[in-house]
Amino acid sequence: MDKTLLLIDDEPIQKVVLENLAEHLRTKEGINVLTLYVDPNEREYLNEDQDHDLDKLVTGISGKLKGLRPDLIVVDQYYGEAPFTGLDVIEELRSLNKFSKSSIFLISGKRDQIVREVFEAKNIATEKKVKKLAKIVNYGIEKFLDKEFKNEAIESLKTRDLKDILPSKLREIDDGRIHVLNPKYKELTMDQLADLIDASDSEAQIIINEMFELTLSHYVKLNESLQ
């Protein structure tokens, strides 16, 4: 069983946590975990003026995960002088099909500061605070932790949801393409089809049904030939 974990954090020491986590799951649970570390302060995510660039960061993350959908994304809330926060990063990632179904943890050594920013900001009307809270809830953040996330991440990655298996397998086929009868999609890469499935697209369900029918038909014929 293979899993993918993405950590977005500005403390390189956290890479050691990823290594220990992956080793534990490999040796104790028989789960291979591909871990990816992204530091928003690295030069490749800065613009021409050497300022932090949220769009460039999200584009870079998507590029690193080409053909992959992370099972778990762990996002730190603050990145030094960056004008955006982890919640801003999560909002952008959730808007992309690839990341829409991933489990997400928000981590911070300043959790009390985050709470104050949402609930105690004196310059924000109560109605806006409520809307901001509702928006955060819609991000689907599963856990809000301090910087120690290893144990919770292990428990999350140990689970396996059947609905995630097909998109994961499709993304492993780099050059595969599928031709469908529906005129809306003449040809799709396996990665594109996986994105449609993750987005619960109605057309994807039609394609999946066709795939299962063809697969079952193949096994029926194979069984008949063996009798």
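Each number in my numbering comes from the position in the sequence shown (counting from 1) with 540 added on.
From the three backbone atoms N, C-alpha and C, an ideal C-beta is built for every residue, glycine too.
- The beta carbon of His-719 sits closer than 6 Å to the beta carbons of Glu-727 from its chain, once the five residues preceding and following it are set aside; these are given in chain order.
- According to the DSSP assignment, Leu-728 belongs to the beta strand (DSSP E) that extends over 727-729.
- For Ser-640, the closest of Val-658, Glu-621 and Ile-613 by C-alpha to C-alpha distance is Ile-613.
- Annotated three-state conformation of Thr-575 is strand, per DSSP.
- Per the C-alpha coordinates, the member of Glu-559, Gln-653 and Asp-549 positioned closest to Asp-579 is Asp-549.
- The criterion of a C-beta distance shorter than 7 Å is satisfied by Asp-542 and Asn-572.
- Ranked by Cα distance from Leu-547, the options Arg-634, His-758 and Leu-574 are led by Leu-574.
- Between Ala-739 and Pro-707 a beta carbon distance of about 10 Å is seen, past the 8 Å cut, so the two are scored as non-contacting.
- Beta-bridge annotation (DSSP): Ile-613 is paired with Leu-546 and Ile-644.
- Across the structure, Glu-657 and Lys-604 are spaced so that their CA atoms are roughly 32 Å apart.
- In the DSSP secondary-structure assignment, Arg-717 is bridged to Thr-729.
- Closest in alpha carbon position to Glu-692, among Ser-643, Ile-553, Gln-732 and Met-730, is Ser-643.
- When secondary structure is reduced to three states using DSSP, Phe-624 falls in the coil class, being assigned neither helix nor strand.
- Counted as a single uninterrupted DSSP element, the stretch harbouring Leu-685 is not any alpha helix (DSSP H) but the beta strand (DSSP E) occupying residues 681-685.
- Your pair Lys-683 and Phe-645 checks out as a contact, with CB atoms roughly 5 Å apart and the cut at 8 Å.
- Around the beta carbon of Ser-696, a 10 Å sphere encloses 16 or more other beta carbons of the protein chains shown; the residue is thus reported as buried.
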